[in-house]
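Numbering (my numbering), first residue to last: 61 to 379.
In what follows, a single structure is set out as structure tokens and then discussed.
In structure tokens:
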């Protein structure tokens, strides 16, 4: 499958480096710790005050909150479902502070081209993982100077798959998810990770033997050996650690490092401010009052609207 990403220039990375460097310098300012100490000595956060508003904001972002695992997960029918998926989105991730490994698996089944993609990494202020299911019956699109390749639509309600994953960091389980879905996700706020520290143990139940075989062939083309897969009936299990497929061109070690330092500082700041609070609303109220710049960043959970801006240009070329 040939993809062309027109208009990509590495000149903007110079600007990213400069802006990120200034941001990091500002975040290192010691005054935040003095503000925390002073604020905590004068008041305690009332957890219920803005909890309804907070959960509404999370739902508007396309997610729900799991208090047991202290994580966010995608809803079945969020606004992201209308955006579908294409390689252009993966290319846009790193410049938007999402340093993650991608593993797209392509295959054909029932006269459709399918994409089941796995992701793991650092999404701004969250460590997370995803499995997405997409397909298309249409031809590739060609937008001169912008993008040429396949655009996939999110799987429909009759195409949902039972999926599960455990996301582990250096051998320690961080997140576990299981559901019948088209986009199974989990994001842990304030947890900082390098993608190389993360391993996803995934299982996907395909609809029948034909679909399972097609998916397995797609995995083989991506670089997995059949002996590395766990196949039980129509269920396929795999371990996603080091990606077997080509990563986005925007994943450059030097800029990855710089973006990750910014992400790490924000996560450290979140942990420092919230360490004395138990409930999620209490933590969010503390962040909002003490570090509004962090509060704005943490509400950008997982894949945000900025990532899907390309859809506005792509949608006119779709059937």
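We treat Cβ as the ideally placed atom computed from N, Cα and C, and that holds for glycine.
None of these values were measured; they are calculated from a predicted model.
Consult DSSP for residue i and reduce its assignment to one of helix, strand or coil.
i           : result
residue 211 : coil
residue 132 : strand
residue 327 : helix
residue 256 : helix
residue 177 : strand
residue 245 : strand
residue 375 : helix
residue 349 : helix
residue 223 : strand
residue 318 : helix
residue 263 : strand
residue 229 : strand
residue 285 : coil
residue 292 : strand
residue 234 : strand
residue 366 : coil
residue 361 : coil
residue 98  : Low per-residue confidence applies at residue 98: pLDDT is 48, beneath 50, and the placement is therefore not dependable, though the value from the model is reported in the following sentence. Here residue 98 sits in helix by DSSP.
So residue i and residue j are supposed to be a Cβ contact under 8 Å. How far apart are they, rounded?
i           : j           : result
residue 194 : residue 144 : 6 Å
residue 361 : residue 255 : About 18 Å separates the two Cβ atoms, so there is no contact after all.
residue 163 : residue 304 : 7 Å
residue 192 : residue 177 : 5 Å
residue 343 : residue 334 : 4 Å
residue 53  : residue 124 : As shown, the chain starts at 61 and ends at 379. That puts residue 53 outside it, with no answer to give.
residue 330 : residue 223 : Not quite, the Cβ-Cβ distance comes to about 29 Å (not below 8 Å), so this is no contact.
residue 260 : residue 300 : 4 Å
residue 220 : residue 241 : 6 Å
residue 227 : residue 180 : 6 Å
residue 253 : residue 307 : Incorrect: roughly 17 Å between the Cβ atoms, too far for contact.
residue 354 : residue 318 : Actually they do not touch by this definition, with Cβ atoms about 19 Å apart.
residue 210 : residue 196 : 6 Å
residue 165 : residue 279 : 6 Å
residue 340 : residue 149 : That belief does not hold up - the Cβ atoms of residue 340 and residue 149 are roughly 29 Å apart, past 8 Å.
What are the boundary residues of the alpha helix (DSSP H) that includes residue i?
i           : result
residue 273 : 269-282
residue 358 : 352-358
residue 202 : Here residue 202 belongs to no alpha helix (DSSP H); instead the beta strand (DSSP E) covers 201-203.
residue 111 : 111-120
residue 149 : 147-153
If you follow the beta strand (DSSP E) that residue i is part of, which residue opens it and which one closes it?
i           : result
residue 141 : Where residue 141 is concerned, there is no enclosing beta strand (DSSP E), given that its DSSP letter is neither H nor E.
residue 163 : 158-169
residue 295 : 295-300
residue 195 : 186-196
residue 337 : Taken as a continuous stretch (DSSP letters only), residue 337 belongs to no beta strand (DSSP E), as it is neither H nor E.
residue 124 : 123-126
Would the C-beta of residue i count as close to the ligand COA, meaning under 6 Å from any of its heavy atoms?
i           : result
residue 376 : The model depicted lacks the ligand COA and carries no ligand whatsoever.
Three or more C-beta pairs under 8 Å: does that hold for the stretch 242-260 against the stretch 268-288?
no
Could you say if the stretch 361-379 and the stretch 123-135 meet the contact criterion of at least three C-beta pairs nearer than 8 Å?
yes
I'd like to know if the stretch 289-297 and the stretch 259-266 are in contact, where contact means that at least 3 CB-CB pairs between them fall below 8 Å.
yes
Three Cβ pairs or more, each shorter than 8 Å: is that satisfied between the stretch 367-377 and the stretch 203-216?
yes
Hey, is the stretch 307-326 in contact with the stretch 211-230, meaning 3+ C-beta pairs nearer than 8 Å?
no
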